Amino acid sequence: MLDPKYYQESFSELEIGLKKRGFDSKFVSNLSEISKTRKALIQEAEALKSERNQVTAKVAELKSKAKSDPAITKEADAMVLRSREIGDKIKIADAKLKEVEFSLKDLALAIPNLPQESVPVGADLTSNKEVRKWGAPGKFSFEPKDHVALGESLRVLDFERAGKISGARFSLYMGSGASLERALIQFMLDLHTEIHGYTEVIPPFLVSRESMMGTGQLPKFEQDLFKTSVADRDLYLIPTSEVPLTNIHAREILEPNQVPKYFTAYSPCFRSEAGSYGKDTRGLIRLHQFQKVELVKITNQESSLDELEKMVSNAEKVLQMLELPYRVMLLCSGDMGFSATKTYDLEVWLPSSKEYREISSCSNCGDFQARRAEIKYRSAAGEKPKFAHTLNGSGLAVGRTFVAILENHQTESGEIKIPAPLHRYLDGKKGFKKNGNDLYMTRQID
RNA sequence: GGAGAGGUGGCGGAGUGGUCGAACGCGCUGGUCUUGAAAACCAGAGUCCCGGCAACGGGACCGUGAGUUCGAAUCUCACCCUCUCCGCCA
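Using this note's numbering, you'd call the opening residue of the first sequence number 450 and step up by one each time.
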């Protein structure tokens with residue numbers, strides 16, 4: 450949610466910002482109209498309430514000294530009648546106000562965050578800017594296979610049987626494949642907690658509608674989510690653990706020494722992928738359920754841009770240690786998610802398709818989510834609370850990291866060379882073989 | 001699933017129809033005293049909204065929502081949450 454001052458005072462600013470995100474100006478004029486109506490109704494209702502409060506106080510005073518004095522009793526009765534009249538008017542005014550506030554809130558919740566100054570303006574991904582590149586795509590003396598071919602021949606991925614169990618867009622990791630996925634999770638969590646200073650969390654994977662509102666998945670993107678309705682309860686499967694992590698401090702005021710907060714969590718993520726029929730139907734790239742290690746920060750208003758840079762480098766560190774070539778993209782205004790004010794994507798090199806694919810997305814949401822979820826902090830003891838800034842990023846998408854490792858570290862014989870930082874998690878495990886200082890994932894017998 | 005108890009300010013805890021944004025205690029902030037600290041004493045301090053350059057004025061908020069009433073923290077109803085006991089369960 451944006452600062453209401455945008456649609457109460459700074460219409461032009463809002464209009465410019467929303468235009469960058471592809472909204473037309475009719476929306477803004479509608480918003481400012483309703484906002485004016487709201488203010489007028491508040492003033493009307495509050496004037497009435499003020500009057501009633503005065504009358505009511507008078508009634509109390511008269512009654513306390515009335516005893517059986519008929520003159521005073523009569524005056525009090527008159528006051529009661531007057532108050533009743535005002536009360537009726539208040540009811541009408543409040544009802545009107547409530548209606549207007551509902552429609553205002555509806556509109557306000559549908560407005561995306563505005564892009565930060567440094568964000569390039571553009572309608573789609575063609576306007577994204579490459580910020581830097583790390584590593585060079587590997588040279589293969591043979592035709593590199595894609596992860597599906599590799600995974601199936603190694604007997605570590607089984608999409609056919611996953612389909613039998615749950616339908617399209619699900620995966621089954623078997624044996625050393627499952628071990629590798631779990632090792633990646635462990636490696637990422639250890640790196641972020643031990644080196645980067647994040648606190649590990651195991652959050653709920655089902656969340657309330659309110660939490661989804663807080664981070665901006667709802668009300669606009671209901672069709673992207675899986676919902677469960679059991680015993681009169683509506684819960685949503687998390688599309689990312691950004692949702693529970695960011696909501697940890699919802700409706701709280703954090704004290705000065707509590708900010709910034711760094712959280713990391715492993716979680717499965719559930720997405721309906723409605724509207725992406727026919728896109729990435731093969732392999733682990735786009736699934737209804739995938740694993741992710743998430744990074745979330747709750748910061749003060751001054752440092753969030755710096756914190757975003759740090760978060761990006763935290764995610765980059767994972768790719769560097771796993772020796773996976775990647776590039777960093779600064780997303781343009783039209784390609785950013787709903788809640789973001791600035792987003793960097795990390796894209797990893799996939800030799801089979803000879804392209805960079807998104808493996809992490811790190812966003813600064815400014816105070817956009819904090820307004821929705823009511824996350825505040827004091828910059829010093831006794832200071833007025835301010836809205837915090839929230840950031841989130843993948844650190845990394847585990848399934849896609851699995852893909853990148855298979856594809857980038859494959860050998861001619863179809864085995865996978867395991868990067869050194871993963872050895873401590875996999876050395877000696879079934880399905881892996883040692884050769885000198887190197888460790889390889891080998892073909893399994895099924 | 002069955003039975004019961006309860007949700008009040010940062011915390012503890014009063015308040016059962018009017019002057020209650022809410023006693024009291026702790027904690028917090030500022031001051032006096034002190035070489036400094038502690039103690040003692042004095043003062044202050046919530047959040048949101050509306051108007052105002054501001055000082056300030058007004059409105060709302062005692063789990064949430066509706067209702068009764070001239071007037072609700074207090075009465076009624078619904079919902080949510082927490083806790084205790086029994087049952088079941090990883």
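C-beta atoms are modelled at their ideal positions from N, C-alpha and C, and glycine is treated no differently. The model shown is predicted, which means the values in this text are computed figures rather than measured ones.
Under the three-state DSSP convention, the category residue i falls into
i	result
R821	helix
S552	helix
M450	coil
P868	coil
D518	coil
A509	helix
A559	coil
T577	The question names Thr, but residue 577 in the sequence shown is Asn. In the structure shown, N577 sits in coil (DSSP, three-state: anything other than H, G, I, E or B).
V568	coil
V504	helix
K547	helix
D794	strand
E701	strand
D683	strand
T437	In the structure as shown, the chain starts at 450 and stops at 895, and residue 437 therefore has no counterpart that could be examined.
Terminal residues of the beta strand (DSSP E) in which residue i lies
i	result
D887	887-890
E693	The question names Glu, yet the displayed sequence has Pro at residue 693. P693 -> not in any beta strand (DSSP E); alpha helix (DSSP H) instead, spanning 691-695.
I747	738-748
E807	804-813
V777	775-779
T677	676-679
Residues near residue i in its chain [Cβ-Cβ closer than 6 Å; skip 5 each side]
i	result
V852	H596, L733
K896	Absent from the model: residue 896. The displayed extent of the chain is 450 to 895, so no value can be given.
G646	Y711
E548	none
S690	P652, A714, S716, E743
Nearest neighbour of residue i, chosen from the options [CA to CA]
i	options	result
G587	T695, I634, E804	E804
Y455	D876, S678, V477, K766	V477
Q457	K485, K469, E704	K485
E832	L845, V656, L703	L703
V432	A837, C781, K878	Residue 432 falls outside the range modelled here, since the chain spans only 450 to 895, and no answer is possible.
C811	E510, R682, K578, M778	M778
Straight-line Cα distance separating residue j from residue i
i	j	result
I614	S725	21 Å
S576	L795	16 Å
I687	L674	8 Å
S481	R821	20 Å
L467	L556	13 Å
L640	L694	18 Å
L581	R776	The question names Leu, yet the displayed sequence has Arg at residue 581. Taking the straight line joining both Cα atoms gives about 6 Å.
K866	Y826	47 Å
M772	P868	Note on residue identity: the sequence assigns Glu, not Met, to residue 772. Their Cα atoms are separated by approximately 7 Å.
V767	W798	14 Å
P834	D537	37 Å
T664	L655	14 Å
L621	F551	45 Å
Q503	R720	56 Å
A496	A544	15 Å
Residue range of the unbroken alpha helix (DSSP H) whose run includes residue i
i	result
L855	847-857
V761	753-770
I614	608-615
A714	No alpha helix (DSSP H) contains A714, which is instead part of the beta strand (DSSP E) from 710-719.
S461	460-469
R631	625-639
R658	658-664
Same chain, Cβ closer than 7 Å to residue i, neighbours up to 5 away in sequence not counted
i	result
Y874	A632, Q635, F636
A572	G471, G783
E920	The requested residue 920 is not part of the displayed model; the chain covers only 450 to 895.
K759	none
A525	V508, L511, K512, A515
Close beta carbons around residue i, own chain, < 8 Å, minus the five adjacent residues each side
i	result
T648	T642, K710, Y711, F712, T713
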